[in-house]
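As structure tokens, the structure follows; a few thoughts come after it.
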Amino acid sequence: MTGLRHLLADDDLSQEEQTAVLDLADRLAADPYAVQPFAGPRSVAVLFDKSSTRTRVSFAVGIAELGGYPLVMDLSTSQLGRGESIADTARVLGRQVSAIVWRTSGQQRLEEMAAYAGVPVVNGLTDEFHPCQILADLQTVRQHKGRLAGLTLSYLGDGANNMAHSYLLGGAVAGLHVRIAAPAGFEPDPVVVSRASQVAQSTGGSVTVTGSAADAVAGSDVVATDTWVSMGQENDGRDREKVFGPYAVTSTLLALADPQAIVLHCLPAYRGKEIAAEVLDGPQSVVWDEAENRRHAQKALLAFLDERAAEAGPAR
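Just so we're aligned, residue 1 is where the sequence shown starts under full-length UniProt numbering, counting upward by one.
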């Protein structure tokens, strides 16, 4: 497939393309300067509507390692924050940078940016999906398990948040058996579950949504969780601690997984809530590899998209 490509959701990559990106990510982890498509330097805009540590650092450092210049902007210092339309911002940026990364709220905002930019647009996080994090997670799992297809990954907690949705889609693309355990009222979007199920049929994976944390974790190769309160949910009035308590990744719960299971958390983590301190800091945790792999996976993704953009030619 050729043409201008974006990464707006996890299933924008086929299984073969996802594997190619992860292969390049592994190569870049071993040799950070092996590929430099932005040497010159060419610039990549990295926009933030929401606070960030890992996304900001990993993209800024990664773009520099690719030979490029990271143009980091936020709402408080751009006209986008004063009401300039997304389309106008996209047209201006697209004439001056080689790609746009945006960490924003609604998925529709990202899709509008992609429609007008004329350069690849990358989802740095939306309320619906977090595909860059999942690429890093898949790279981490493959590093520790040697493969992806056929493994079982269980996610515990808020099944309606962006991480759960991206585990469903990205995991299905990889051929994983994805289990989501969430309390009533916090289940994944049925549309996303349906999309993931359709993808899984072609990759050999599967999708399960359950209310039982124990059922989800039983025999799993990978156990993942996320904060119970995502950005923007701090004051929504919902009492998550009471309903999410049984979904906390404790040593007792982890003992139900495969003895060689690894534990993922995209961070920031809250010890004693969604994950016990002895698990996060224990021998089965690979969260620091996971955090570092954000840089390698995102560099590989940007190189992949830039190559497709070059094949597509001028889009404006």
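Cβ coordinates follow ideal geometry from the N, Cα and C atoms, glycine included.
Check	Outcome
Go through its chain and collect everything with a Cβ distance to Ala-196's Cβ below 6 Å, but skip five positions before and after it.	Leu-168, Leu-169, Ala-172 and Val-207
Rounded to the nearest angstrom, what separates Val-286 and Ala-312 at their Cα positions?	38 Å
Could you give the DSSP three-state label for Leu-13: helix, strand or coil?	coil
I need the boundaries of the beta strand (DSSP E) containing Val-44, first residue and last residue.	43 to 48
Report, in whole angstroms, the separation of the C-beta atoms of Arg-103 and Leu-125, which I expect to be a contact under 8 Å.	5 Å
Between the alpha carbons of Met-1 and Ala-303, how many angstroms are there, rounded?	In this prediction, Met-1 scores a pLDDT of 44, lower than 50, which makes its location untrustworthy; no coordinate-derived value is stated.
Does the region 207 to 227 come close enough to the region 262 to 277 that 3 or more CB-CB pairs lie under 8 Å?	yes
Which residue from Ser-105, Ser-202, Thr-252 and Thr-227 puts its Cα closest to that of Ala-213?	Thr-252
Given this structure, state the Cα-to-Cα distance separating Ala-273 from Pro-188, to the nearest angstrom.	In the sequence as displayed, the identity of residue 273 is Lys instead of Ala. Cα to Cα, the separation comes out at about 21 Å.
Let's see if you can read the secondary structure: which residues bound the alpha helix (DSSP H) around His-6?	Counting along the chain, His-6 falls outside any alpha helix (DSSP H), and DSSP gives it neither H nor E.
Are the region 287 to 302 and the region 148 to 166 touching, with three or more C-beta to C-beta distances below 8 Å?	no
Can you find at least 3 beta carbon pairs, one from the region 47 to 64 and one from the region 8 to 15, that sit closer than 8 Å?	no
Could you name each continuous alpha helix (DSSP H) segment of 4 residues or more that falls completely within the region 174 to 240, going from the start of the chain to the end?	190 to 203 and 213 to 217
Using the Cα positions of Ala-182 and Ala-34, report the straight-line distance between them to the nearest angstrom.	42 Å
Identify every residue that forms a DSSP beta bridge with Ser-285.	Val-263
Would you grab the beta carbon distance between Ser-230 and Asn-161 for me? Rounded to a whole angstrom, and I think it's under 8 Å.	5 Å
Could you name each continuous alpha helix (DSSP H) segment of 4 residues or more that falls completely within the region 90 to 119, going from the start of the chain to the end?	107 to 117
Counting C-beta neighbours from all protein chains within 10 Å, is the total for residue 332 16 or more, i.e. buried, or is it exposed?	In the structure displayed, the chain extends from 1 to 316; residue 332 sits before or after that span and is not available.
Do you know how far the Cα of Val-217 is from the Cα of Ala-300?	31 Å
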